Structure formats: structure tokens, C-alpha cells
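J.: Sharing a structure below in C-alpha cells format, with a few things to ask.
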Amino acid sequence: MHSPLNSRYADLVRLLTRYGRSDLVSGAQLDEFAVGEPSAGEDAEVATEDVPTAEQFATDLERMGPTFVKLGQLLSTRFDLLPAAYTTALGRLQDSVEPIPFEEIREVVESELGARIEDRFSDFSTEPLAAASLGQVHAATLRNGREVVVKVQRPGVRETVRDDMEVLARLASLADRRTSAGRRFGFGQLLSQFRRSLAGELDYRREAKNLELFGELTADYDLLVVPKPTMDYTTSRVLTMERIEGRKVTDVGRLGLLDVEARPIVEQLFAAYLRMILDRGVLHADPHPGNLLLTDDGRLALLDLGMTASVPPRIQEEVVKLLLSISEGDGEETATILASMGHPIEGYDAAAFRDDVSHLVSEAVASGPDLQVGTVLVDLSRLSGTHGLRPPAEMSMIGKALLNLDQTTSHLDPDFAPAEAIRDNVSQIFRSGLKTSPAGLLSAAIEAKNFTAQLPKRANRILDAMADGEFTVRVNAIDEERLHLVLQRMANRLTLGLIIAATLIGASFMMRVPSSWTILGYPGIAIFFFLLAAVGAVVLAAWIIATDRKVARAPERRQSPPGME
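Residue numbers (the numbering used here): -2 to 562.
And the structure:
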């Protein structure tokens, strides 16, 4: 009997086999065996033809369950790995499934909260507001009359995710060891990022903390609202939060927007996201328009904060400079910043990358007020992957977040210009990039104290050494001794090879000289020299093989830790 894990493994292998030869691989430059690929002039036609395949791939992932739905959502941010048709299709993945029976929901809620639903809530709707692959949401009312929504995790979903991650880990490890694509793009590292993200989504206590954090970050913006969690009714599998009534941004048409003063909302939303990313280093990884509600009182509510990511300070500073260089149309500086952020891999061409980035930024700036920074960041991520530069994962996620933000702002206010908003907030961005925490100031003070204390002693040593003529500068360059040894070995091999060749030529001429001493009817002296040359060639070959093996083993012995030899 096949175990569920083996069955899952077989399903995933079939999926990879089905799409491994399509542009899922070749379009992302992952297939080193692809031949006869279309030329650049055919790209537009190929991209159009591949849309149905990309949509089918997204559908197949959706059918395979919650783990692969979330994996597809993560892959939709990796513009450097997948073609545009696939990132677009995966970005539209709808995390919605058939709801589970209410009795199962009741069992989870009562088990987690330690009491009957009737004892905790005065009302609890049996019909869900939404059903997703990890959980579903129900409207409810607390005993104190507060209206809330309760997000309940599906039974058994953690076990399913754990088994799926084990299968994915096997394949990622195999790909990293056995394929050039794995060594080039690091699927194991991508999977580790995915594991952390999914583990956070499966712990509703972490999402409750995200709600509190984003509530704090938007507290200064009166037109933005984040539902407050009810911590006493929240566990790792149950999340209770404030109920906010409103309509999804995507459900509000042009006529509906006439009653909304959209420009102040859009300005606050954009400024808040810049502050989150560049000041606090927190990123809402999935701010698509479906997660934003227009409330009845004219505010914008941010929902579904389970998928978040942290942005390290170094990335924050680089993104600040990157956004400013894009808004100013400085393509050369943009390419330089991207190169410092990314990790060059095999085939990276710095000059070609710089030229293409400059051209991309110039074209983007030429669009004037219509410039969308999120779209430019996505295109830059894709361009980096094409040229062999692996950008940090955070940059791709920032690009996807700003792309979704561009879609929201353009829907609410088509005249809003993100590039101008960046320039308007430039002072705030610089303050974010130049900020130093109290701990950082203390650490810098300690380093300065140590430097000041050690400087006189070190300066005296240098001056004394110069005065005594003992001052030396050591530069790690070419190992001259090893180079001399290699050249000597090459000269010896070449000399022996020439002697053997001369012996063979001389023996061939001596075959024409009559001789009383013959071997098998041929002149004996000629046959003797032929044999001498053959033996010399065998000895030379054996010597070359032996010395090359010895040289190859030498670095391993030098690098092995003590006790390993």
C-alpha cells in the first residue's frame, strides 16, 4: 500500500514533468537542455500562447491543496525566476475553497477556547463569510455586544502542510545537488523562506500581533483602519478580531467612487506603506485590492495580515536609494544599487545589465506622471534574473507589494502619481534611512572608544618599524613558488613529449634503411626505437596522471579541519 507521503511525492513529480518542458523552465532560463528556443522577435507571440499553460499551472497548484496555493502566491513575487505569464497567473490565485461543515468549526473553536460557543458568544453565524485553504471566517458577537469575526483554522491542515513541506524539501535538496538550475537559483533557500512564511500564517497568534503592529503604524493616519484583535479569544488556531463593515475596493465602481474623497485616502495609504517598509522594516506581503475595504464612513480598512515579511536595515537603505534614483530617472545609479544588492551568478554581464537598466528607467520616466514605481521594481527584478543577478527576496516582495498598491491607487484615483508621492516624502524617507537606534549609538560609541584607545599604540609600532627599517607590507597576490613549479612541470612534460615525437619520427625514417637484423621482417633498430618511444609515452602519461591527482588532493588536505586526515 502506498503511503500518503509517497502519493504526494508522485503528484508533485507528475506536476513537474508536465510543466518542466514548457516556458515555466525555458522562459525563466532554468532549462539547460532546451534547444531551438524562439528568437527574441517571437517573444510576444510566445508570451501570448503561454498564457493558457500558465493559467492551467495555477489551477493545478490550486487543486493540490493549501501548501501549493501558498507556494504559488510566493512564486508570483519571484519575477527573476518565472516568466511574466506565470507570475501573472499565480498572482491571481484565489485562496478560496468549499467551506467545511459548521460542526467541525464548532469542535475547533470549543477545543481552543476551552468552552462552548454559546458560553463565549451571544451569536455565532453558522454560514462562513469566506472559506480559504487554511481556514474560514465566521461573523459573531461577543457577550459584551461587540461585533467580531472569527477566523478558524481547518482541522488537519497543519499535518497536510508538514507532509507537503517534507516532499518539497526532498525535491529542493535533490535539485540543488543534481541540477545546474538548483545550484544557480538555490531552491532550498527559496523553500526555507516559504517555510517561515507559511509557519507564520498557521499561527494565528502571530497574525494577531501583526494586526496590533499595523494598527500602531497606521495610528497617525485617520483615513486608515486596521481591525483590532481580541487576544482573550485568540489562540494559534482561532483568531478573533473587530468586525469592519465595508465593500472591497475591487467591488466599488466608478459611480461608487464619486461619493468617496479618494485622493486623501490614497496619499495616506502610500505614505503609510513607505513608512512601514522603510522605517519599521515591516512588509505586508499581500496587499492586493481584495484585502482592502472601503468603509461606510469613508475610510480604508487593511485586512488579512497573515502574510508579512521583515525588511533588514541594509535592504531598507538600498531601497530608499533605489526609489529615489528611479524617481529621478538615473538609470546608471539604479543599476549600481541593484548590483550591490544582488548576488551575481554564472553568466552575469555587468555592462549589458547596466545598459538595459538605464534603458528601462529612461522609458519609465518618459511616461511622466503615469510612472508606477511598483511596475518598475517588478521589471527590474525580472531583468536581474535575465542577466544572471539574483536580487534579494525582499526586493521582489517589495516590488509585488508596491505593484498591488499601484493597482489600488490607480483604481481609487487614476490621477495619483506614485513617483511624485515618493519625491514629496523624500525627507521622511531620508530620515528613515539615516535613523540610528539607541543601541546602535551605544555600539558605535564602544567601537570609537576602542579605536581611540588602541590608535596611539598601533601608530607607535608602525613608526618604530619604519625607523628601524623593518616595516614591511604583505600583499596576497600570485603564489610565485607555486607558479614556478607549475611552469617547470609544463616545460618538463613538453620536453619529454618532443623527445618522444622525435624518436618516433627518427624510427619511421630508419624503416627505409636495410639491416641484417630484423624483427618480423622490419629493421630491428627501427622497431627498437618504436618500442622505446611507446614505453616513454606510457611512462609520461602515468606520470602526468599521478602528479595531477596529487595536486588535486593537496587543496582538500589544506582545507580539511584538524583530525580529518
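Backbone N, C-alpha and C fix where the C-beta goes; we use that ideal spot for every residue, glycine too. In this text, all values refer to a predicted model and were calculated from it rather than measured experimentally.
Does the beta-carbon distance from Val145 to Ala137 come in below 8 angstroms?
T.: Along the sequence shown, one-based indexing puts residue 145 at 148. Along the sequence shown, one-based indexing puts residue 137 at 140. It is a contact, given that the beta carbons lie within the stated cut-off.
J.: So the candidates are Pro310, Leu452, Ile274 and Arg311; which of them puts its Cα closest to the Cα of Leu402?
T.: Sequence index remark: in the sequence shown, residue 402 carries index 405 (1-based). Comparing Cα positions, the closest option is Ile274.
J.: State the DSSP-derived secondary structure class of Phe527, mapped to helix, strand or coil.
T.: As a position in the sequence shown, residue 527 is number 530, starting the count at 1. Reduced to three states, the DSSP call for Phe527 is helix.
J.: Distance, Cα to Cα, Val235 vs Phe191?
T.: In the sequence shown, residue 235 corresponds to position 238, counting from 1. In the sequence shown, residue 191 corresponds to position 194, counting from 1. Approximately 22 angstroms between the Cα atoms of the pair.
J.: Assign Glu144 to one of three DSSP states: helix, strand, or coil.
T.: Within the sequence shown, residue 144 is the residue found at index 147, counting from 1. Three-state DSSP puts Glu144 in a strand.
J.: List the endpoints of the continuous alpha helix (DSSP H) containing Phe350.
T.: To locate residue 350, count along the sequence shown from 1; it is residue 353. First-last of the alpha helix (DSSP H) with Phe350: Ala347 to Ala363.
J.: Once you ignore the five residues that flank Ala259 on each side, which residues in its own chain have a CB closer than 6 angstroms to its CB?
T.: Taking the sequence shown and counting its residues from 1, one reaches residue 259 at position 262. Closer than 6 angstroms at the Cβ level, and outside the excluded window around Ala259, lie Leu409 and Asp410.
J.: Would you check if the distance between the CB atom of Pro152 and the CB atom of Val105 is smaller than 8 angstroms?
T.: Taking the first residue of the sequence shown as position 1, residue 152 is located at position 155. Taking the first residue of the sequence shown as position 1, residue 105 is located at position 108. Contact flag set, yes.
J.: With distance defined between alpha-carbon atoms, name the residue in Asp352, Leu302 and Gln70 nearest to Ala86.
T.: Residue 86 sits at position 89 when you count from the first residue of the sequence shown. Nearest option by C-alpha distance: Gln70.
J.: Can you give the Cα-Cα distance for Leu374 and Leu221, rounded to whole angstroms?
T.: If you number the sequence shown from 1, residue 374 lands on position 377. If you number the sequence shown from 1, residue 221 lands on position 224. Distance between the alpha carbons of Leu374 and Leu221: 25 angstroms.
J.: Measure the beta-carbon distance from Ser393 to Arg75 and round it to whole angstroms, keeping in mind my assumption that it falls under 8 angstroms.
T.: Residue mapping note: residue 393 aligns to position 396 of the sequence shown, counting from 1. Residue mapping note: residue 75 aligns to position 78 of the sequence shown, counting from 1. Confirmed, about 6 angstroms.
J.: How about Ala306 and Leu280: are their beta carbons less than 8 angstroms apart?
T.: Taking the sequence shown and counting its residues from 1, the one referred to as residue 306 is at position 309. Taking the sequence shown and counting its residues from 1, the one referred to as residue 280 is at position 283. Yes. Within cutoff.
J.: Along the alpha helix (DSSP H) that carries Asp313, what are the first and last residues, could you check?
T.: Locating residue 313 in the sequence shown gives position 316, where the first residue counts as 1. The amino acid occupying residue 313 in the given sequence is Gln; Asp does not appear at that position. Here the alpha helix (DSSP H) through Gln313 covers Pro310 to Ser324.
J.: On the CB-based measure, 16 or more other CB atoms within 10 Å of its CB, does Ser359 come out buried or exposed?
T.: What you label residue 359 is simply residue 362 of the sequence shown in a count that begins at 1. Classification for Ser359: exposed.
J.: From the DSSP output, in three-state form, read off Thr292 for me.
T.: Along the sequence shown, one-based indexing puts residue 292 at 295. Thr292 falls in the strand class under three-state DSSP.
J.: Should Ser73 be labelled buried (16 or more other beta-carbon atoms within 10 Å of its own) or exposed?
T.: Walking along the sequence shown from the start, residue 73 turns up at place 76. Its Cβ being crowded by 16 or more others within 10 Å, Ser73 is buried.
J.: For the segment 332 to 351 against the segment 381 to 392, are there 3 or more C-beta pairs whose distance is under 8 angstroms?
T.: With a cut-off of 8 angstroms, the segment 381 to 392 and the segment 332 to 351 count as touching, because enough Cβ pairs lie within range.
J.: Any chance the segment 517 to 531 sits against the segment 480 to 489, with 3 or more Cβ pairs inside 8 angstroms?
T.: Counting Cβ pairs under 8 angstroms, fewer than three are found: no touch.
J.: Provide the residue(s) that pair with Tyr519 in DSSP beta bridges, ordered along the chain.
T.: Start at 1 with the first residue of the sequence shown, and residue 519 comes out as number 522. Tyr519 pairs with Ile516.
J.: Helix, strand or coil for His340, going by three-state DSSP, please let me know.
T.: In the sequence shown, counting from the first residue as 1, residue 340 sits at position 343. His340 falls in the strand class under three-state DSSP.
J.: Quick test of your reading: Met61 and Ser194, contact by CB under 8 angstroms. State the CB separation rounded to the nearest angstrom.
T.: Sequence index remark: in the sequence shown, residue 61 carries index 64 (1-based). Sequence index remark: in the sequence shown, residue 194 carries index 197 (1-based). The Cβ separation is near 18 angstroms, so there is no contact.
J.: Among Tyr218, Leu289 and Val263, which residue has its Cα nearest to the Cα of His248?
T.: Counted from its first residue, the sequence shown places residue 248 at position 251. The sequence as given places Asp at residue 248; His does not occur at that position. Out of Tyr218, Leu289 and Val263, Leu289 has the C-alpha closest to the C-alpha of Asp248.
J.: Kindly indicate which residue of Val164, Gln186, Met162 and Leu110 has the alpha-carbon position closest to the one of Asp173.
T.: Taking the sequence shown and counting its residues from 1, the one referred to as residue 173 is at position 176. The shortest Cα separation from Asp173 among Val164, Gln186, Met162 and Leu110 belongs to Gln186.
J.: Measuring CA to CA, which of Ile114, Phe99, Gly111 and Phe54 is closest to Thr123?
T.: By 1-based counting over the sequence shown, the position of residue 123 is 126. Comparing Cα-Cα distances from Thr123 to each of Ile114, Phe99, Gly111 and Phe54, the minimum goes to Phe99.
J.: Can you tell me which of Arg240, Met228, Tyr230 and Ala269 puts its alpha carbon nearest to the alpha carbon of Tyr218?
T.: As a position in the sequence shown, residue 218 is number 221, starting the count at 1. Of the candidates Arg240, Met228, Tyr230 and Ala269, the one whose C-alpha sits nearest the C-alpha of Tyr218 is Ala269.
J.: DSSP three-state call for Gly132: helix, strand or coil?
T.: As a working note, residue 132 is residue 135 in the sequence shown. Of the three classes helix, strand and coil, the one that applies to Gly132 here is strand, per DSSP.
J.: Alpha carbon to alpha carbon, how far is Leu210 from Asp276? Give it in angstroms, no decimals.
T.: Walking along the sequence shown from the start, residue 276 turns up at place 279. Walking along the sequence shown from the start, residue 210 turns up at place 213. Each residue's alpha carbon lies about 13 angstroms from the other.
J.: Using alpha carbons as the reference points, say which of Gly111, Ile312, Glu115 and Ile102 lies closest to Ala564.
T.: With the chain covering only -2 through 562, there is no way to say anything about residue 564.
J.: Go through its chain and collect everything with a Cβ distance to Gln26's Cβ below 6 angstroms, but skip five positions before and after it.
T.: Start at 1 with the first residue of the sequence shown, and residue 26 comes out as number 29. The predicted model places Gln26 with a pLDDT of 40, which falls under 50 and marks its position as unreliable, so this point remains unresolved.
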